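Trainee: In this note's numbering, each residue carries its 1-based index in the sequence shown increased by 47. Okay, handing you the structure first.
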Amino acid sequence: MPVERKHCQCQDTQGHFLQRAFDNLKLEPAQRELLLAPFRETTISIPLRVHQQGREVLHTFSGYRVQHNHARGPFKGGLRFHPGVNLGETRALARLMTWKSALVDVPFGGAKGGIALDPKTLGADALEVLTKRFTQKMVPLLGVHQDIPAPDIGTNPQVMAWILEEYSKAHGYTPGVVTGKPLELGGSAGRLEATGYGVACVIRKVASEMSRPIEGARVVVQGFGNVGSHVAQSLARMGACIIALSDYRGGVAAESGIDVSAAVRHVAEAEWLEGLAGTEPISNAELLELPCDFLIPAALEATINCDNASAIRAAVVVEAANIPVTYTADATLRDRGIVIIPDILANAGGVLTSYYEWVQNLQEFPWDRETVLHRLEQRLLRVYEQVRDLARSHRVDLRTAAYDLAIGRVAKAITLRGF
Ligand code: GLU
Numbered sequence: 048m049p050v051e052r053k054h055c056q057c058q059d060t061q062g063h064f065l066q067r068a069f070d071n072l073k074l075e076p077a078q079r080e081l082l083l084a085p086f087r088e089t090t091i092s093i094p095l096r097v098h099q100q101g102r103e104v105l106h107t108f109s110g111y112r113v114q115h116n117h118a119r120g121p122f123k124g125g126l127r128f129h130p131g132v133n134l135g136e137t138r139a140l141a142r143l144m145t146w147k148s149a150l151v152d153v154p155f156g157g158a159k160g161g162i163a164l165d166p167k168t169l170g171a172d173a174l175e176v177l178t179k180r181f182t183q184k185m186v187p188l189l190g191v192h193q194d195i196p197a198p199d200i201g202t203n204p205q206v207m208a209w210i211l212e213e214y215s216k217a218h219g220y221t222p223g224v225v226t227g228k229p230l231e232l233g234g235s236a237g238r239l240e241a242t243g244y245g246v247a248c249v250i251r252k253v254a255s256e257m258s259r260p261i262e263g264a265r266v267v268v269q270g271f272g273n274v275g276s277h278v279a280q281s282l283a284r285m286g287a288c289i290i291a292l293s294d295y296r297g298g299v300a301a302e303s304g305i306d307v308s309a310a311v312r313h314v315a316e317a318e319w320l321e322g323l324a325g326t327e328p329i330s331n332a333e334l335l336e337l338p339c340d341f342l343i344p345a346a347l348e349a350t351i352n353c354d355n356a357s358a359i360r361a362a363v364v365v366e367a368a369n370i371p372v373t374y375t376a377d378a379t380l381r382d383r384g385i386v387i388i389p390d391i392l393a394n395a396g397g398v399l400t401s402y403y404e405w406v407q408n409l410q411e412f413p414w415d416r417e418t419v420l421h422r423l424e425q426r427l428l429r430v431y432e433q434v435r436d437l438a439r440s441h442r443v444d445l446r447t448a449a450y451d452l453a454i455g456r457v458a459k460a461i462t463l464r465g466f
């Protein structure tokens, strides 16, 4: 799908789900306006000399930080390095963070940022310089009680370490200003796999409630990055049968199940899933239409849209990515009886564990991995049960229930604080 259309769909989709929640909650026009409006949007130009076709050329990269809402705590949200990053998309994703933090009831608001670039095209040195220049210009916005970035698509613990370094130059060593850091710099045990593990825990719970035990459940994962690779590994450990995986280039499938550990080793060496032993190649489009119990879009927005929604043959779609299902596709899937586990619930293990990391940094007292993952699972499943119960009692789908719960909490905080 063309990038422009994707962006449009992602913003429209947010707007559509929001209007429904605003109506359900009977919010006044002024409250709606406050909930929609970003607190601050910052666009940053970052000049950098890059090598292009054997020559060094000056390129100006565009970076963004949208701070959406801080009624319930400091702004919180990831930084994305991807060619498709732009202000509109960042705005929609920042809002989503506000609802996600509220849904899992962590004391954070919502933000998102990023730089429009393909990080694979820059060497590590250039990426470090670019990240530090971007951070220099963001330093006045950031702070342990102000705005706390984290990884997202195309970023990782190393990028977070560069942000920490740049912020600490101005303010002294401050690990709590960023989450998803390396363990050596105050990162939390379990944070790397937290989002994927959380998705898997929710799936195991849903599977047991649908009398489709996780052992042997047939699963398709689209995207093999920060989130998808850990969803696949966690589910494989729980006994699920991963029948197809994909990355940006394409997918691999095996009727009898893929050896996910072998896939991780293969990608570490070959960079892509392509050529994984014991699998057949499959396109990303074909992969989405495979019959399965759980289909897990774990890459970009608008992956399931009006072009393919009627061809999806999964019992449950689990939104490991942010906004992977457009609102038209959401309606089509629901009409066809397909259950959707919404992003602000399914992938909230990431921000939840960022909260645990932040708490450990404030207390200067690290927890072990078992404690982190146990708390993550307990809390996420409790939130799932709240959403499920609300959905049942109001006779609505899980997304509507999750949005109503989350937005109601943010609206209440705004009223209490008297914004
Ligand atoms: N980027 C992740 C998300 O979209 C994590 C954000 C965070 O931990 O602040 O939820």
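Even for Gly, the Cβ is constructed at its ideal location relative to N, Cα and C. Since the structure is predicted, the reported quantities are computational estimates derived from the model, not experimental observations.
Can you determine whether any heavy atom of the ligand GLU sits closer than 6 Å to the C-beta of V398, and answer yes or no?
Mentor: It does: the Cβ of V398 is within 6 Å (strictly closer) of some heavy atom of the ligand GLU.
Trainee: Using the Cβ count rule (16 or more neighbours within 10 Å means buried), how would you classify S293?
Mentor: Buried, by the Cβ-count rule.
Trainee: In the region 116–145, which residue ranges form an unbroken beta strand (DSSP E) of at least 3 residues, counting only runs that do not cross its ends?
Mentor: For the region 116–145, whole beta strand (DSSP E) runs of length 3 or above, ordered along the chain, are 122–128.
Trainee: Look at the alpha carbon of V224 and the alpha carbon of S308, and state the distance between them as a whole number of angstroms.
Mentor: So the two alpha carbons sit approximately 33 Å from each other.
Trainee: Rounded to whole angstroms, what's the CA-CA distance from A264 to T447? Just pull it up for me.
Mentor: Those two C-alpha atoms are separated by around 26 Å.
Trainee: Write down the C-beta distance between L409 and Q433 rounded to the nearest angstrom, noting that I regard them as a contact closer than 8 Å.
Mentor: At roughly 26 Å, the Cβ-Cβ gap does not stay under 8 Å, so L409 and Q433 are not in contact.
Trainee: Name the one or two DSSP bridge partners that R416 has.
Mentor: Paired residues: none, contrary to the question.
Trainee: What do you get for P344, buried or exposed, if any count of 16 or more other CB atoms within 10 angstroms of its CB means buried?
Mentor: Buried, by the Cβ-count rule.
Trainee: So is L126 buried or exposed if we call it buried at 16+ other beta carbons inside 10 Å?
Mentor: Buried, since its Cβ has 16 or more Cβ neighbours within 10 Å.
Trainee: Taking DSSP as the reference, what is the three-state secondary structure of K73?
Mentor: Three-state result, K73: coil.
Trainee: Can K40 be considered in contact with the ligand GLU, in the sense that its beta carbon sits closer than 6 Å to one or more heavy atoms?
Mentor: The chain is shown only over 48 to 466; residue 40 falls outside these bounds and no answer can be derived.
Trainee: Curious, which full-length beta strand (DSSP E) runs of at least 3 residues does the region 156–207 contain?
Mentor: Fully enclosed beta strand (DSSP E) runs of 3 or longer: 157–162 and 194–198.
Trainee: Please list the terminal residues of the continuous beta strand (DSSP E) segment that includes C288.
Mentor: C288 to S293 is the extent of the beta strand (DSSP E) around C288.
Trainee: Based on the DSSP secondary-structure assignment, which residues constitute the bridge partners of F86?
Mentor: Partner(s): none; F86 has no beta bridge.
Trainee: I'd like the span of the alpha helix (DSSP H) that includes C248, first residue to last.
Mentor: Unbroken alpha helix (DSSP H) run through C248: R238 to E256.
Trainee: With burial defined as no fewer than 16 other Cβ atoms inside 10 Å of the residue's Cβ, what is the status of Q61: buried or exposed?
Mentor: Classification of Q61: buried, given that the 10 Å Cβ count is 16 or more.
Trainee: Any heavy atom of the ligand GLU closer than 6 Å to the Cβ of A18?
Mentor: Residue 18 falls outside the range modelled here, since the chain spans only 48 to 466, and no answer is possible.
Trainee: Assuming L72 and L83 make a contact with CB atoms under 8 Å, what is their CB distance in whole Å?
Mentor: At roughly 14 Å, the Cβ-Cβ gap does not stay under 8 Å, so L72 and L83 are not in contact.
Trainee: Rounded to whole angstroms, what's the CA-CA distance from I93 to F181? Just pull it up for me.
Mentor: Computed Cα separation, rounded: 6 Å.
Trainee: Measuring straight from C-alpha to C-alpha, what distance separates A358 and E336?
Mentor: Approximately 6 Å between the Cα atoms of the pair.
Trainee: If we call anything under 7 Å between Cβ atoms a contact, is A287 one with I261?
Mentor: Closer than 7 Å, so yes.
Trainee: Give me the Cα-Cα distance between R464 and G120, rounded to the nearest whole angstrom.
Mentor: So the alpha carbons of these two residues sit roughly 11 Å apart.
Trainee: If you measure between the beta carbons of L392 and A449, is that distance less than 7 Å?
Mentor: In contact: L392 and A449 (Cβ atoms closer than 7 Å).
Trainee: Taking the beta carbon of W146 as the centre, do at least 16 other beta carbons fall within 10 Å, making it buried, or is it exposed?
Mentor: Counting Cβ neighbours within 10 Å, W146 comes out buried, since at least 16 surround it.
Trainee: At a cut-off of 6 Å, would you count S401 as near the ligand GLU, judging by its Cβ distance to the nearest heavy atom?
Mentor: S401: yes, Cβ under 6 Å from the ligand GLU.
Trainee: L282 and V266 - do their beta-carbons sit closer together than 7 Å?
Mentor: Yes, Cβ-Cβ distance for V266 and L282 is below 7 Å.
Trainee: With distances taken from CA atoms, which of A208, K159, N203 and E240 is nearest E417?
Mentor: Here the closest residue by C-alpha is E240.
Trainee: What are the partner residues of A300, as DSSP defines its beta bridges?
Mentor: Note: A300 sits in a beta bridge opposite A291 and E327.
Trainee: Evaluate the contact criterion for the region 250–260 versus the region 214–233: three or more CB pairs, one atom per stretch, below 8 Å.
Mentor: Verdict: no, contact absent.
Trainee: I need the DSSP call for S357, collapsed to helix, strand or coil.
Mentor: Of the three classes helix, strand and coil, the one that applies to S357 here is helix, per DSSP.
Trainee: Would you check if the distance between the CB atom of C339 and the CB atom of T375 is smaller than 7 Å?
Mentor: Going by C-beta atoms, C339 is not nearer than 7 Å to T375.
Trainee: Report yes if the CB atom of G245 is closer than 7 Å to the CB atom of L427, and no otherwise.
Mentor: For G245 and L427, yes; Cβs fall inside 7 Å.
Trainee: Relative to the C-alpha of R96, which residue among G298, G272, R138 and L177 is closest?
Mentor: Of G298, G272, R138 and L177, the residue nearest in Cα terms is L177.
Trainee: Near E51, which residues of its chain fall below 8 Å by C-beta distance, leaving aside the five closest residues on each side in sequence?
Mentor: Its pLDDT being 44, under 50, E51 is placed unreliably by the model, and the measurement read from it follows with that caveat. None.
Trainee: Hey, would you say the C-beta of G125 is under 6 Å away from at least one heavy atom of the ligand GLU?
Mentor: The answer is yes for G125.
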